[in-house]
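Remarks on the structure that follows.
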Amino acid sequence: MTTTSSLTAAGWLCLTAPLAGTILILLGGTRISRRVAAWVSTASVGAAFAFAVWGFVVLHGRSGHLGTYATAWTWLQAGNFKVGLEILVDPLSSMMMLIVSGVGALIVLYSIGYMDGDDEERRYFAYMSFFVFSMLLLVEGGNLLILLVGWGLVGLSSYLLIGFWHERPSAVAAAKKAFIMNAFGDGTMALAFFVLIAHSGSLEFGTSFQTVTGLPQTTVDLVALGLLGGAVAKSAQIPLQTWLPDAMEGPTPVSALIHAATMVTAGVYLIARTSPIFEQARTIELIAAGTGALTLLVAGLIALVQTDIKRVIAYSTMSQIGYMFLGAGVGGYSNGMFHLLTHAFFKALLFMTAGLIIHALADEQDIRRMRGIGSLMPFTKWCFLAGALALVGVPPFSGFFSKDPIIASTLNLGWYGWVFWACGIAGAFLTGLYTFRLWYLVFPGEPSAFVREHHHRYAGREGPLTMLVPVGVLTLLATFGGWIQWPPHWTPITNWLSSVAPTLAVAEPTSTQEYVTSAITVLVGVAGIAAAYAVYGSKRLAVPDVPALRRLLEHKFYFDEAYDALFYRPTVALTSMLRTQVEEPVILQTATDVGTTTLEAGGAVRRLQTGLLRTYALLLATGAAVLAVLFLVLR
Amino acid sequence: MTAATLLGPGVSWYLCVAGFLFAVGALGVFVRRNPLIVLLSLEIMLNGGNLALVALSRHVGNGDGQIFALGVMAVAAAEVCVGLGLVVAIHRRRLALDVDRLSELRG
């Protein structure tokens, strides 16, 4: 078997395994037990991971890590425009395949314990496999249209899973919100593709990227802006971020899947994948970086006042994705991708430990009632601590290795580079503060009355084995997973990705910049932890109450309210105006009028029908006579 | 055979008689109320028409009119069957044999 054909086979098998799992569960229906459905799903995603590893090994053995395209068939054709059902296995997609299927498999495994006893487990596992399939299609898509198909399917799967508990109105509303905001991004991406088709007649990666170099700057900017719109919506960056916290309505493993392995990372992947376009539109790329910088600050601030354990973690995701956007936006694509990798580990870990707590406390999610849970759940406590330290970026945990290069890479960009740098450093402080606020509120100390009353163990352990094993594995990954790259000394990931998305020269910090930034980031992160200890741990420091600021943060900077006032209410007002002013008086009234007029005309005409035979005969004869006379006269 | 060699009165006399028959029939249809008589009057009208057809056919020297008259007779026979059937049906249901009172279809 040649390396090309093994690579192709690995790509297709990795892609289709989760889909096969979905189809099996759906066709099985009630004939298979819930347990079987759960294990089919886990096995299908696990198989995808095995194939991804195979693909990675083969690709690693090739000279230059040369990727390969594989087309199943021509999917659609219009004149010269042709799109094939095509996948691409190259270093970038191989890395994403490993993350998506690997972390995805752990999350699906965890779901077996978490969703045990739910009424619709089979449907849940079918959706989970489908979600992984959609994301794999997105990252393996060999041209922009297949990428967009995966992009749309990811939106659909997230809709199905966020609204999984469909008897809850809030879950249904959250699902719709996520879908609509994502559809906006899909729309801008589709527009960008139309522009590309108009100019290059193709959506192949290679052709499109080459064509872009010859286009006017405005056109390239528009294309990049459309792509950025899609990335921003999918990755929940400002201004399309409001769906992400609401998406916490879904089951906790779904949150973990959305935040760690799939979906929100798609934006970073898109920027890295289409980096040749973004490099031609450097302004837009820097706007992406600025969006990331802004989001990481705003999300970090909002996370400070959240009281729902999952929402705190959700905002930390937004903030960390902000770092990835910052890294990819300034041109250090591999930095963004590396942070995506470590983030997948520690964020999945944090969600899973949160899920263990939520399970043990009978679905309670309010951190103010969880005080002292740590003494009852020591395993969960230490695992969470590992995830939290990785999130803050304390060495030697994984976040340290991936976050610092991002911040350091902004330094060569002039004045806005310094702004980005300052945002990144401030974000590190906020990360330490909100993460350890969560830690000090939930874990240490004597268990609260609520915890003592509601806490229960599962078969003498802190949770089913299917939940504890993935948590253990991810704890190891979150702790040691960052060691695979330590710039500037040891950069296997950057080298791996250099053939697809090479780091721009401007995003290469000097070693001094790297060390100084690392030191400052760690110090600031630890300062954040210390501040959290002072306020929430020892209670020696009281937070000055500024009502206006608190309200601002509790209302999440009024984004929802603003969108409500800007889009929702005008639309409702417009439609109700159209109803009262157009629909009712014009359209409905016209229909009524036509009916009435017909009735009245009929009433008038019916008098002509006398029913008298002789009258008819006379009229007939008169008519004939008139015609005869006319005939004679006109002849 | 041409008009000049035709024996008997000229074609205009035939047409006069035909017109008279037609007028008598029409008058009967208009003024009589008994459906039986109305049908009878209709037959007179048809025969007036037939006479005109045959006379003109002879006058022009073309047999088409006469063929046509035969057709009219066949139709008239059929029409009488239907008409008389209706009259019998009306009588059976003990309705008045008066076309003015049979006005169910008044709008």
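Sequence order for the protein chains is X and G. With the first letter of the first sequence counted as 1, position 495 gets the number 505 in the working numbering; the numbers rise by one all the way through. With the first letter of the second sequence counted as 1, position 31 gets the number 1432 in the working numbering; the numbers rise by one all the way through. Don't be surprised by glycine CBs; every beta carbon is placed ideally from N, CA and C.
When you compare each of X:433, X:642, X:369, X:378 to residue 682 of chain X by their alpha carbons, which one comes out closest? Residue 682 of chain X lies beyond the range of chain X shown here (11 to 645); nothing can be said about it.
By the criterion of Cβ-Cβ separation under 7 angstroms, what are the contact partners of residue 1508 of chain G in chain X? As a position in the second sequence, residue 1508 of chain G is number 107, starting the count at 1. Near residue 1508 of chain G (Cβ distances below 7 angstroms), the residues of chain X are 616, 617, 618, 619.
From the beta carbon of residue 579 of chain X, is the nearest beta carbon of chain G less than 8 angstroms away? Counting from 1 along the first sequence, the entry for residue 579 of chain X is found at position 569. Taking Cβ atoms only, chain G never reaches closer than 8 angstroms to residue 579 of chain X, which makes this a no.
For the 8 angstroms Cβ check, are there 3 or more pairs between the stretch 256-273 of chain X and the stretch 334-348 of chain X? Counting Cβ pairs under 8 angstroms, fewer than three are found: no touch.
Starting from the beta carbon of residue 1499 of chain G, find every residue of chain X whose beta carbon is closer than 9 angstroms, and list them in chain order. For the purposes of this step, residue 1499 of chain G is identified with residue 98 of the second sequence, where counting begins at 1. Residues of chain X whose Cβ lies closer than 9 angstroms to the Cβ of residue 1499 of chain G do not exist, since the nearest Cβ in that chain is about 10 angstroms away.
Taking 8 angstroms as the cut-off, does the stretch 487-498 of chain X touch the stretch 350-359 of chain X (at least 3 CB pairs, one atom from each stretch)? Because the criterion of three Cβ pairs below 8 angstroms is met, the stretch 350-359 of chain X and the stretch 487-498 of chain X touch.
C-beta contact flag for residue 32 of chain X and residue 184 of chain X at 8 angstroms: Reading the first sequence from its first residue, position 22 is the one you call residue 32 of chain X. Reading the first sequence from its first residue, position 174 is the one you call residue 184 of chain X. No. Outside cutoff.
Output, in sequence order along the chain, the residues in the stretch 1417-1444 of chain G whose CB is closer than 9 angstroms to any CB in chain X. Cβ contacts with chain X come from 1427, 1430, 1431, 1432, 1433, 1434, 1436, 1439.
If the criterion is Cβ atoms closer than 8 angstroms, does the pair residue 560 of chain X and residue 451 of chain X meet it? Counted from its first residue, the first sequence places residue 560 of chain X at position 550. Counted from its first residue, the first sequence places residue 451 of chain X at position 441. Result no, Cβ atoms of residue 560 of chain X and residue 451 of chain X do not sit closer than 8 angstroms.
Contact the stretch 234-242 of chain X vs the stretch 130-145 of chain X: 3+ CB pairs below 8 angstroms: Taking 8 angstroms as the limit for Cβ pairs, the verdict is that the stretch 130-145 of chain X does not touch the stretch 234-242 of chain X.
Counting only the same chain and skipping the five closest in sequence on each side, list residues whose C-beta sits under 7 angstroms from that of residue 163 of chain X. The sequence position of residue 163 of chain X within the first sequence is 153, counting from 1. Excluding five sequence positions before and after residue 163 of chain X, the CB atoms of its chain that fall closer than 7 angstroms to its own CB belong to 144, 147, given in chain order.
Going along the chain, which unbroken runs of the beta strand (DSSP E) with 3 or more residues stay wholly within the stretch 24-62 of chain X? Runs of the beta strand (DSSP E) spanning 3 or more residues and lying entirely within the stretch 24-62 of chain X do not occur at all.
For residue 175 of chain X, which of helix, strand or coil comes out of DSSP? Reading the first sequence from its first residue, position 165 is the one you call residue 175 of chain X. In the three-state scheme derived from DSSP, where H, G and I count as helix and E and B as strand, residue 175 of chain X is classed as coil.
Which runs of the alpha helix (DSSP H), 4 residues or longer, sit entirely within the stretch 396-468 of chain X? Entirely contained in the stretch 396-468 of chain X, the alpha helix (DSSP H) runs reaching 4 residues are, in chain order, 408-418, 425-452, 459-464.
Can you pull the chain G neighbours of residue 631 of chain X, defined as C-beta to C-beta under 7 angstroms? One-based indexing of the first sequence puts residue 631 of chain X at position 621. Going along chain G in sequence order, the residues near residue 631 of chain X (Cβ under 7 angstroms) are 1427.
Spatial distance of residue 75 of chain X from residue 69 of chain X (CA atoms): By 1-based counting over the first sequence, the position of residue 75 of chain X is 65. By 1-based counting over the first sequence, the position of residue 69 of chain X is 59. Rounded to whole angstroms, the gap between the alpha carbons of residue 75 of chain X and residue 69 of chain X is 6 angstroms.
Could you name each continuous alpha helix (DSSP H) segment of 4 residues or more that falls completely within the stretch 570-634 of chain X, going from the start of the chain to the end? Runs of the alpha helix (DSSP H) lying entirely within the stretch 570-634 of chain X, each at least 4 residues long, are 579-588, 599-615 in chain order.
Confirm, please, whether the CB-CB distance from residue 165 of chain X to residue 193 of chain X is below 8 angstroms. As a first step, residue 193 of chain X is located in the first sequence; it is residue number 183 there, counting from the start. As a first step, residue 165 of chain X is located in the first sequence; it is residue number 155 there, counting from the start. For residue 193 of chain X and residue 165 of chain X, yes; Cβs fall inside 8 angstroms.
Name the DSSP beta bridge partners of residue 549 of chain X, please? Residue 549 of chain X sits at position 539 when you count from the first residue of the first sequence. When beta bridges are read from the DSSP output, residue 549 of chain X appears opposite no residue.
Residues near residue 506 of chain X in its chain [Cβ-Cβ closer than 6 angstroms; skip 5 each side]: Your numbering for residue 506 of chain X matches position 496 in the first sequence. Scanning its chain for C-beta atoms nearer than 6 angstroms, with the 5 sequence neighbours on each side dropped, one finds around residue 506 of chain X the residues 101, in chain order.
Straight-line CA distance for residue 26 of chain X to residue 128 of chain X? Here residue 26 of chain X corresponds to residue number 16 of the first sequence, with the count starting at 1. Here residue 128 of chain X corresponds to residue number 118 of the first sequence, with the count starting at 1. The alpha-carbon of residue 26 of chain X is positioned some 27 angstroms away from that of residue 128 of chain X.
What residue does the alpha helix (DSSP H) around residue 134 of chain X start on, and which one ends it? Locating residue 134 of chain X in the first sequence gives position 124, counting from the first residue. 131-150 is the span of the alpha helix (DSSP H), which, as asked, contains residue 134 of chain X.
Does chain X have any CB closer than 8 angstroms to the CB of residue 1413 of chain G? Here residue 1413 of chain G corresponds to residue number 12 of the second sequence, with the count starting at 1. For residue 1413 of chain G, the answer is no, since every Cβ of chain X falls outside 8 angstroms of its Cβ.
Extent of the continuous beta strand (DSSP E) to which residue 214 of chain X belongs: The residue given as residue 214 of chain X occupies position 204 in the first sequence. In this chain, residue 214 of chain X is not harboured by any beta strand (DSSP E), its DSSP state being neither H nor E.
Selection from X:370, X:617, X:269 that minimises the alpha carbon distance to residue 469 of chain X: Taking the first sequence and counting its residues from 1, one reaches residue 469 of chain X at position 459. Ranking X:370, X:617, X:269 by CA distance to the CA of residue 469 of chain X puts X:370 first.
In its own chain, which residues sit with a C-beta less than 7 angstroms from the C-beta of residue 90 of chain X, not counting the 5 before and 5 after it? For the purposes of this step, residue 90 of chain X is identified with residue 80 of the first sequence, where counting begins at 1. 211.
When the Cα atoms are used, what is the spatial distance from residue 34 of chain X to residue 55 of chain X? Counting from 1 along the first sequence, the entry for residue 34 of chain X is found at position 24. Counting from 1 along the first sequence, the entry for residue 55 of chain X is found at position 45. Distance from the CA atom of residue 34 of chain X to the CA atom of residue 55 of chain X, rounded to whole angstroms, is 13 angstroms.
Minimum Cβ-Cβ distance from residue 624 of chain X to chain G less than 8 angstroms: In the first sequence, residue 624 of chain X corresponds to position 614, counting from 1. Look at residue 624 of chain X: its C-beta is under 8 angstroms from a C-beta on chain G.
Rounded C-beta distance between residue 303 of chain X and residue 336 of chain X? I'm assuming under 8 angstroms. For the purposes of this step, residue 303 of chain X is taken as residue 293 along the first sequence, with counting starting at 1. For the purposes of this step, residue 336 of chain X is taken as residue 326 along the first sequence, with counting starting at 1. About 5 angstroms; that satisfies the 8 angstroms criterion.
In whole angstroms, give me the CA-to-CA distance for residue 5 of chain X and residue 403 of chain X. Outside the shown range of chain X, which is 11 to 645, sits residue 5 of chain X, and nothing can be said about it.
When you compare the CB of residue 634 of chain X with every CB in chain G, is at least one pair closer than 8 angstroms? The residue given as residue 634 of chain X occupies position 624 in the first sequence. Interface with chain G (8 angstroms Cβ-Cβ cutoff): residue 634 of chain X is excluded.
According to the Cβ coordinates, are residue 1426 of chain G and residue 1442 of chain G closer than 8 angstroms? Your numbering for residue 1426 of chain G matches position 25 in the second sequence. Your numbering for residue 1442 of chain G matches position 41 in the second sequence. Yes, the Cβ-Cβ distance between residue 1426 of chain G and residue 1442 of chain G is below 8 angstroms.
Contacts around residue 436 of chain X, its chain only, beta-carbon distance under 7 angstroms, and the 5 residues preceding and following it disregarded: Translated into positions along the first sequence, residue 436 of chain X becomes position 426. The beta carbon of residue 436 of chain X sits closer than 7 angstroms to the beta carbons of 307 from its chain, once the five residues preceding and following it are set aside; these are given in chain order.
Chain-order list of residues whose beta-carbon lies under 6 angstroms from that of residue 118 of chain X (same chain, five-residue window excluded): Looking up residue 118 of chain X in the first sequence gives position 108. The answer, listed in chain order, is 51, 52, 55, 138.
Do you know how far the Cα of residue 332 of chain X is from the Cα of residue 407 of chain X? Counting from 1 along the first sequence, the entry for residue 407 of chain X is found at position 397. Counting from 1 along the first sequence, the entry for residue 332 of chain X is found at position 322. One Cα belongs to residue 407 of chain X, the other to residue 332 of chain X, and the distance between them is close to 20 angstroms.
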